Amino acid sequence: LPLPFLLLHFTLLKCDITDGNVEHLKREHSLMKPYQGVGSSPSSQWDFWGSTLVTSSYVRLTPDERSKQGSIWNTVPVHLKDWEMHVQYKIHGSGKKNLHGDGIAIWYTKERLHPGSVFGSNAKFHGLALFIDTYHNDEAADRSFPYISAMVNNGSLPYDHGNDGRTSELGGCSSEIRNKDHDTYLAIRYSKGRLTVMIDIDDKNEWKECIDIGGVRLPTGYYFGASAATGDLSDNHDIISMKMYQLMVEHAPDEDSLDWTKIEPSVSLLKSPKDNIDDPTGNFRSTPLTGWKVFLLLLCALLGIVVCGVVGAVVFQKRQERNRRFY
Numbered sequence: 005l006p007l008p009f010l011l012l013h014f015t016l017l018k019c020d021i022t023d024g025n026v027e028h029l030k031r032e033h034s035l036m037k038p039y040q041g042v043g044s045s046p047s048s049q050w051d052f053w054g055s056t057l058v059t060s061s062y063v064r065l066t067p068d069e070r071s072k073q074g075s076i077w078n079t080v081p082v083h084l085k086d087w088e089m090h091v092q093y094k095i096h097g098s099g100k101k102n103l104h105g106d107g108i109a110i111w112y113t114k115e116r117l118h119p120g121s122v123f124g125s126n127a128k129f130h131g132l133a134l135f136i137d138t139y140h141n142d143e144a145a146d147r148s149f150p151y152i153s154a155m156v157n158n159g160s161l162p163y164d165h166g167n168d169g170r171t172s173e174l175g176g177c178s179s180e181i182r183n184k185d186h187d188t189y190l191a192i193r194y195s196k197g198r199l200t201v202m203i204d205i206d207d208k209n210e211w212k213e214c215i216d217i218g219g220v221r222l223p224t225g226y227y228f229g230a231s232a233a234t235g236d237l238s239d240n241h242d243i244i245s246m247k248m249y250q251l252m253v254e255h256a257p258d259e260d261s262l263d264w265t266k267i268e269p270s271v272s273l274l275k276s277p278k279d280n281i282d283d284p285t286g287n288f289r290s291t292p293l294t295g296w297k298v299f300l301l302l303l304c305a306l307l308g309i310v311v312c313g314v315v316g317a318v319v320f321q322k323r324q325e326r327n328r329r330f331y
């Protein structure tokens, strides 16, 4: 997708997403055809592991075979406070009607090239993960798959595969991304403590919002990567490109003076993950109250007071009538 199209659609769909900032492609953090700088040499900017196969047209993290894991990681740490990552990817295979899995994860983490049980990478990670989950593990949850979700972790909480990550996700959306005749796209934006995820799955150059949450704190100095895994079921998991853009955003002097490498990954105003277990949607997000939310709360409170007053008046009047009849 050309950058002007991206900027245009971000502006049309949500006016505060771009904020008029100029975006700059950071090639040292971008993975693009013909995938030069990929390999294990000291000068490489991307390294890969496992079943990953690098071709001239795509980076295949896993083939459509059982029990495969693969990943690709940027070797250059990101020292940007505000950024946007555009991922062009394709998930396809011979499996039909829920007979496919498991999915892709996009990472911005302290660790890199650490194999594990979460889509081929480390379960107790530090940083941000975006999961494109294609297999429904928790049959009790009322949710359509494939499903895209986000999680921020400080290394203390493992991703729960059995519940499809519901207990720790920040938000998500269902997305029919398998076996498309065209590539699918994902945009991850982090700016001034706000995480926004947009998707384009219909090849119409139109972005749709998937996740938008404030109060997110992420440090600098972490690494971008992508991983995928298959189990008893499988798919081809292909990364076509990962394009990283710097966002030109002004910060307050006290923010600029912080050591951003020491920030602990966290999300404020989010209830404890254990409290999210009973949430059937798994989509609980609690961000700072905006003006309209405060208005709605006050309106509800006012309506509640009026209703209580009316009910109280009716009850009092009927009691008075009974008392008069008694005497």
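First residue of the sequence shown: 5, per my numbering; consecutive thereafter. Every residue gets a Cβ at the ideal spot worked out from N, C-alpha and C, and that includes glycine. Keep in mind it's a predicted model, so treat the numbers as computed, not measured.
In this structure, does DSSP put E115 in helix, strand or coil?
Sequence index remark: in the sequence shown, residue 115 carries index 111 (1-based). Residue state, collapsed to three classes: coil.
Residues bridged to H96 by DSSP?
If you number the sequence shown from 1, residue 96 lands on position 92. N240, per the DSSP bridge assignment.
If you check the beta carbons only, do D106 and F123 fall under 8 Å apart?
If you number the sequence shown from 1, residue 106 lands on position 102. If you number the sequence shown from 1, residue 123 lands on position 119. Yes, the Cβ-Cβ distance between D106 and F123 is below 8 Å.
Relative to the C-alpha of W77, which residue among I95, L35, H83 is closest?
Against the sequence shown, residue 77 aligns to sequence position 73. Distances from the CA of W77 to each of I95, L35, H83 were compared; the closest alpha carbon is that of L35.
Could you pull out every residue in the same chain whose Cβ sits closer than 6 Å to the Cβ of Y163, ignoring the five residues on either side in sequence?
Looking up residue 163 in the sequence shown gives position 159. Here the set comprises V122, A127, G169.
Can you name the residues that DSSP bridges to G74?
Stepping through the sequence shown from its first residue, residue 74 is reached at position 70. Looking at the DSSP output, G74 sits in a beta bridge with G54, A232.
Taking only three categories from DSSP, how would you classify L300?
For the purposes of this step, residue 300 is taken as residue 296 along the sequence shown, with counting starting at 1. It is helical.
If I follow the unbroken beta strand (DSSP E) through E213, where does it start and stop?
In the sequence shown, the residue the question calls residue 213 occupies position 209. Taken as a continuous stretch (DSSP letters only), the beta strand (DSSP E) holding E213 covers 212-217.
Out of curiosity, what's the CA-to-CA distance linking L103 and E180?
Position 99 of the sequence shown, counted from the start, is the residue given in the question as residue 103. Position 176 of the sequence shown, counted from the start, is the residue given in the question as residue 180. Using only the alpha carbons, I get a separation of about 15 Å.
Please classify F52: is it buried, with 16 or more other beta-carbons within 10 angstroms of its beta-carbon, or exposed?
Taking the sequence shown and counting its residues from 1, the one referred to as residue 52 is at position 48. Counting Cβ neighbours within 10 Å, F52 comes out buried, since at least 16 surround it.
Closest by CA to D216, which one among I244, D206, E210, M202?
In the sequence shown, counting from the first residue as 1, residue 216 sits at position 212. For D216, the nearest C-alpha among the options comes from M202.
Would the stretch 46-61 and the stretch 202-211 be scored as touching if the rule is three or more Cβ pairs under 8 Å?
Not touching, per the Cβ criterion.
When DSSP labels each residue in this structure, what does T79 get in the three-state scheme?
For the purposes of this step, residue 79 is taken as the residue at position 75 of the sequence shown. In this structure, DSSP gives T79 a state outside helix and strand, which the three-state scheme calls coil.
Are there 16 or more other CB atoms within 10 angstroms of the CB of E268, so buried, or fewer, so exposed?
Stepping through the sequence shown from its first residue, residue 268 is reached at position 264. By the beta-carbon neighbour count (other beta carbons within 10 angstroms, threshold 16), E268 is exposed.
Give the single residue among S47, V63, S195, K85 whose Cα lies nearest to the Cα of D263.
The count along the sequence shown starts at 1 and reaches residue 263 at position 259. Distance check between D263 and each of S47, V63, S195, K85 places K85 closest, using alpha-carbon atoms only.
H33 - DSSP class collapsed to helix/strand/coil:
Stepping through the sequence shown from its first residue, residue 33 is reached at position 29. Helix, per DSSP.
Do you know offhand how far Q321's Cα is from H165's?
Within the sequence shown, numbered from 1, the residue matching residue 321 stands at position 317. Within the sequence shown, numbered from 1, the residue matching residue 165 stands at position 161. Taking the straight line from one Cα to the other gives about 59 Å.
Does the beta-carbon distance from H33 to F228 come in below 8 Å?
On the sequence shown, residue 33 is found 29 positions in, with the first residue counted as 1. On the sequence shown, residue 228 is found 224 positions in, with the first residue counted as 1. Yes, the Cβ-Cβ distance between H33 and F228 is below 8 Å.
Who are the Cβ neighbours of Y139 in its own chain at under 6 Å, not counting the five residues just before and after it?
What you label residue 139 is simply residue 135 of the sequence shown in a count that begins at 1. Within the same chain, Y139 has close Cβ partners G105, D106.
Considering only the beta carbon of each residue, do A154 and G176 sit closer than 8 Å?
Translated into the one-based positions of the sequence shown, residue 154 becomes position 150. Translated into the one-based positions of the sequence shown, residue 176 becomes position 172. Annotated as proximal: A154 and G176, with beta-carbon spacing under 8 Å.
So, do the stretch 253-262 and the stretch 230-238 have three or more beta carbon pairs nearer to each other than 8 Å?
Fewer than three beta-carbon pairs drawn from the stretch 253-262 and the stretch 230-238 are found closer than 8 Å, and the two stretches are therefore not classed as touching.
Under the three-state DSSP convention, the category Q321 falls into
Your numbering for residue 321 matches position 317 in the sequence shown. Reduced to three states, the DSSP call for Q321 is helix.
How many Å lie between N167 and D146 at the Cα?
In the sequence shown, the residue the question calls residue 167 occupies position 163. In the sequence shown, the residue the question calls residue 146 occupies position 142. Roughly 12 Å separates the two Cα atoms.
Name the two residues that bound the continuous alpha helix (DSSP H) containing D146.
Counting from one through the sequence shown, the residue named residue 146 turns up at place 142. Annotation: D146 is outside any alpha helix (DSSP H) and is labelled neither H nor E by DSSP.
Tell me whether the beta-carbon of W87 lies closer than 8 Å to the beta-carbon of A230.
Along the sequence shown, one-based indexing puts residue 87 at 83. Along the sequence shown, one-based indexing puts residue 230 at 226. With contacts defined as CB atoms closer than 8 Å, W87 and A230 fail to qualify as a contacting pair.
With distance defined between alpha-carbon atoms, name the residue in K208, Y226, Y194, A233 nearest to V220.
Translated into the one-based positions of the sequence shown, residue 220 becomes position 216. Taking only the C-alpha atoms, the option nearest V220 is Y194.
For the beta strand (DSSP E) holding D68, just list the boundary residues, first then last.
To locate residue 68, count along the sequence shown from 1; it is residue 64. Element bounds for D68: n/a, residue is neither H nor E.
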